[in-house]
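See structure below.
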Amino acid sequence: DSGLVDLSNVANIVGPRGGDFLEIRADTSGVIDLTSLVTTSQNVRFVVTTGGRMLMNSPVDVNPRIVVTDLGSVFDASGSVELGPSSTLEVSQGGEMHVGGNFSHEQTTEASINLNSAILRMDGDGAQLLEVAGEDLGVGGATSGNFGIGQLVIGTTTQRTSVDLLDVVDNGNRGQAAEPESLYLFGLGGPAGLRILNNSALVLNGINVYAWDPLEGEQVHLNSLFGPGDLRLPYDDGFIQLVPLDFQWDNNTGGDFNIGGNWSDGLVPLGSDTAIWNLGSVAGYTVQFGTNVSTDSVIVNTDRVTFDLGGFTYTTSALNATTAVVVGQNATDNARLTITNGTVAARSVRVAAAAGSQGLLTVSASGLLNVEEEAVLGGGAGTLNIEEGGVVSVGDSLIITTAGALTGEGLVQGTVDNQAGTVSPGDGIGVLDIEGTFQQTGAGSLQIALAGTDNSNPSSLEYDQLRVTGDALLGGTLDVLLDGGFSPVAGDAFDVLTVTGSMTGVFDEIATPALGAGLVWRASRTASEFTLLVVADLTGDYNGDGSVDAADYTVWRDSLGQTVVAGQFADGNADGMVNQADYVVWSNAYGTSLAVSQGLRPLHSTPEPASALLLIGLAALGLAQRGRGRSGQ
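Quick note on the numbering used here: the sequence shown kicks off at 264 and runs consecutively.
Structure representation (structure tokens):
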């Protein structure tokens, strides 16, 4: 009676066994919210009738019985629906099933999936897959083995989508003259069997489709409507296609995405198609968007293009492609793509996919890149540059491989996994933020440029910083560069890495530029900061406070027996081990101190093994010295 039951926190439902069952029923315009439900098991029934509505998101592992009856009754799944082998689905008498993602099942008998008098609405924001299924009891069925749907509706008056038919499960659906793989859209005894709204599309993919046409008074074989050379045909308020298509942008001065004249073949790519940019432009051009759009994938080969999204979203789902967005696909490609003033939502991203390729993906201050799965930089020279204010969100990981680079002053939401590339905060000098986990392994490099010591003014930063709201796992190389002619002096300190979670591991190498005579680099790691310092050289001063005393003995004692990078912790003789020889170094220097205070803070007031100082005296340690500035990005 128009009531609401909120079960939106329920993820799993376990029903009774044997002859008993749990029934969840929405009727007489009542609503039940199950938008967090993922799995059901044993005897569970969902019933929607007399104008009721049941809300779900992505029930991907369900084995219930689903019954929807009567006009106005709706089973509404905003995500994908994957019905398990023990489930049954019966939507009848004009009841509706709305699906925002893919619809699939494992049933092999027609009685298990009965949509013969149902309205199935596919209304997602990109391409969707539809497994052909349904019991054939309607008009025009050739044999009892056919599967059909009362009415298939694609898109809404405000939402454009594209539906790809597929027939993965062999359930014996046959058409006229023994045609394999056929779908009948019965028309509910009168209305059209197929509605395509708002320039949406149905891709037949080799499946024979018969749709009831009330004007013709018969089932029309959609496949037979195509003539030689036809790529796409108008149908209702949208289109039908035989297969997904590739379309190339054809206007090197830029223009509107939704104008067919800007594309090869004069057709705008739809949700199941691939959009390709490969004009070889050097000066670059801008593509404008006046609506939300979707394609299966985006490929930028050798070209320089900006997506000005106008506040809208470009969705790429990669149902047919391996990767949703590729910037630099082939070995000879030199590709650049900039995202501005809106959102690109991609299932996956690859920048410089092939060895030898070059790719630069820039997310501007008004841009958002939302990646459902993983983004991979490298293979070739692949760079993701996030300008200040720009955001990249990844569901899995942002992986940086050989020759890959992450640069800029924006925000990454998710895990950054630097396996063999470079993370370089700033475009020049700047701060890069990560909300998630930062991990760097042996071949990865964190590149930090220093042009001064004062980062108190966000609009005039003087050294690079990586800020991690989460955990950091350190390894690989910390590569320190001097920028703008900066020459550090004793007492300079740089908090180059900060974390709010845990910081574990150590850099395998810290590569630093040369300093003036008598100066050395030191590094300190606390629970929340990794700091570089410049100090006057003093043998045996393991805690860097300017005196060789008992506190330095404590540092040696607490790190005794550890294998370290040469010169780190209390490795006074730089042999890679903290051992008795380092005690001798300390003992011989005991009581010495710097004649003049350098204004240095001690690295650690209470040394612990996990936060012991890292000595990086260049003369003693033989670390790489480079009197160079930051290389071009």
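From the three backbone atoms N, C-alpha and C, an ideal C-beta is built for every residue, glycine too.
Legend entry - Residues bridged to A609 (per DSSP): As a working note, residue 609 is residue 346 in the sequence shown. T579, V634.
Legend entry - Environment of Q843 [buried if 16+ CB atoms lie within 10 Å]: Mapped onto the sequence shown, residue 843 falls at position 580. Exposed is the call here.
Legend entry - Backbone secondary structure at Q843 - three-state DSSP: The residue given as residue 843 occupies position 580 in the sequence shown. It is helical.
Inset, instruction - Determine, using beta-carbon pairs with one atom in the stretch 336-344 and one in the stretch 355-371, whether at least three such pairs fall under 8 Å. - result: yes
Inset, instruction - Count the other CB atoms, across all protein chains shown, that sit within 10 Å of the CB of I522; report buried if there are 16 or more and exposed otherwise. - result: Indexing the sequence shown from 1 puts residue 522 at position 259. With fewer than 16 Cβ atoms within 10 Å of its Cβ, I522 is classed as exposed.
Legend entry - For H368 and V432, the rounded distance between their alpha carbons: Taking the first residue of the sequence shown as position 1, residue 432 is located at position 169. Taking the first residue of the sequence shown as position 1, residue 368 is located at position 105. Cα to Cα, V432 sits roughly 8 Å from H368.
Legend entry - Secondary structure of G517, DSSP reduced to three states: Here residue 517 corresponds to residue number 254 of the sequence shown, with the count starting at 1. Here G517 sits in coil by DSSP.
Legend entry - Residue environment, V798, which counts as buried when at least 16 other CB atoms sit within 10 Å: Start at 1 with the first residue of the sequence shown, and residue 798 comes out as number 535. Under this definition V798 is a buried residue.
Inset, instruction - Leaving aside the five residues before and after A587 along the sequence, list all residues of the same chain whose C-beta is less than 6 Å from its C-beta, in chain order. - result: If you number the sequence shown from 1, residue 587 lands on position 324. These residues qualify, in order along the chain: S560, T579, A581, A609, R610, S611.
Legend entry - Candidates A753, T740, L724, V731, of which the one nearest D746 by Cα: Against the sequence shown, residue 746 aligns to sequence position 483. With distances taken between Cα atoms, D746 lies closest to L724.
Legend entry - Given L760 as reference, the closest of A735, W512, N468, F749 once Cα atoms are compared: Taking the first residue of the sequence shown as position 1, residue 760 is located at position 497. That would be A735, whose Cα lies nearest to the Cα of L760.
Legend entry - A813 - containing beta strand (DSSP E), residue span: Walking along the sequence shown from the start, residue 813 turns up at place 550. Here A813 belongs to no beta strand (DSSP E); instead the alpha helix (DSSP H) covers 813-822.
Inset, instruction - Measure the C-alpha to C-alpha separation of N604 and T576 and round it to an integer number of angstroms. - result: Against the sequence shown, residue 604 aligns to sequence position 341. Against the sequence shown, residue 576 aligns to sequence position 313. Spanning the two alpha carbons is a distance of roughly 10 Å.
Inset, instruction - Below 8 Å on the Cβ atoms is my guess for L485 versus F510; work out the distance and round it to an integer in Å. - result: Position 222 of the sequence shown, counting from 1, holds the residue named residue 485. Position 247 of the sequence shown, counting from 1, holds the residue named residue 510. No, L485 and F510 are not in contact; Cβ-Cβ is about 21 Å, not under 8 Å.
Inset, instruction - In angstroms with no decimal places, state the Cα-to-Cα distance between Y816 and T665. - result: The residue you call residue 816 lines up with position 553 of the sequence shown. The residue you call residue 665 lines up with position 402 of the sequence shown. The alpha-carbon atoms of Y816 and T665 are separated by roughly 42 Å.
Legend entry - Three-state secondary structure assigned by DSSP to N541: Position 278 of the sequence shown, counted from the start, is the residue given in the question as residue 541. In the structure shown, N541 sits in coil (DSSP, three-state: anything other than H, G, I, E or B).
Legend entry - S355 - DSSP class collapsed to helix/strand/coil: The residue given as residue 355 occupies position 92 in the sequence shown. Reduced to three states, the DSSP call for S355 is strand.
Legend entry - Of the listed residues S719, G652, D536, nearest to G673 (C-alpha basis): In the sequence shown, the residue the question calls residue 673 occupies position 410. Considering only alpha carbons, the answer is G652.
Inset, instruction - If I'm right that T291 touches D264 with Cβ under 8 Å, what's the distance once you round it to whole angstroms? - result: As a position in the sequence shown, residue 291 is number 28, starting the count at 1. As a position in the sequence shown, residue 264 is number 1, starting the count at 1. That belief holds up - the Cβ atoms of T291 and D264 are roughly 5 Å apart, short of 8 Å.
Inset, instruction - Return the chain-ordered list of same chain residues with a C-beta closer than 6 Å to the C-beta of G885, the five sequence neighbours on each side being excluded. - result: The count along the sequence shown starts at 1 and reaches residue 885 at position 622. In this prediction, G885 scores a pLDDT of 35, lower than 50, which makes its location untrustworthy; the coordinate-derived value is nonetheless stated afterwards. Contacts found: none.
Legend entry - Nearest-angstrom beta carbon gap, L496 and L488 [assumed within contact, 8 Å]: Residue 488 sits at position 225 when you count from the first residue of the sequence shown. Residue 496 sits at position 233 when you count from the first residue of the sequence shown. Their Cβ separation, rounded to whole angstroms, is 6 Å, which keeps L488 and L496 in contact under 8 Å.
Inset, instruction - Starting from the C-beta of N515, find all residues in its chain whose C-beta is less than 7 Å away, skip the five residues before and the five after it, and write them out in chain order. - result: Here the question's residue 515 lines up with position 252 in the sequence shown. So the qualifying residues of the chain are L542, S544, Y548.
Legend entry - Where the beta strand (DSSP E) through S557 begins and ends: Along the sequence shown, one-based indexing puts residue 557 at 294. Note, S557: beta strand (DSSP E), 556-558.
Legend entry - For A326, the three-state DSSP class (helix, strand or coil): On the sequence shown, position 63 is the one that residue 326 refers to. What sits at residue 326 in the sequence shown is Asn, not Ala. Residue state, collapsed to three classes: coil.
Inset, instruction - Please classify N564: does DSSP put it in a helix, a strand, or coil? - result: As a first step, residue 564 is located in the sequence shown; it is residue number 301 there, counting from the start. In the structure shown, N564 sits in coil (DSSP, three-state: anything other than H, G, I, E or B).
Inset, instruction - State the start and end residues of the unbroken beta strand (DSSP E) segment that holds P497. - result: Along the sequence shown, one-based indexing puts residue 497 at 234. Residues 495-498.
Inset, instruction - Just confirm the distance between the C-beta atoms of S856 and G809, as a whole number of angstroms; I'd bet it's less than 8 Å. - result: Position 593 of the sequence shown, counted from the first residue, corresponds to residue 856. Position 546 of the sequence shown, counted from the first residue, corresponds to residue 809. S856 to G809, Cβ: 6 Å. Contact.
Inset, instruction - Mind reading off the beta-carbon distance from L428 to L460? Whole number of angstroms is fine, and I expect it under 8 Å. - result: The residue given as residue 428 occupies position 165 in the sequence shown. The residue given as residue 460 occupies position 197 in the sequence shown. Contact flag wrong, Cβ pair sits at about 17 Å.
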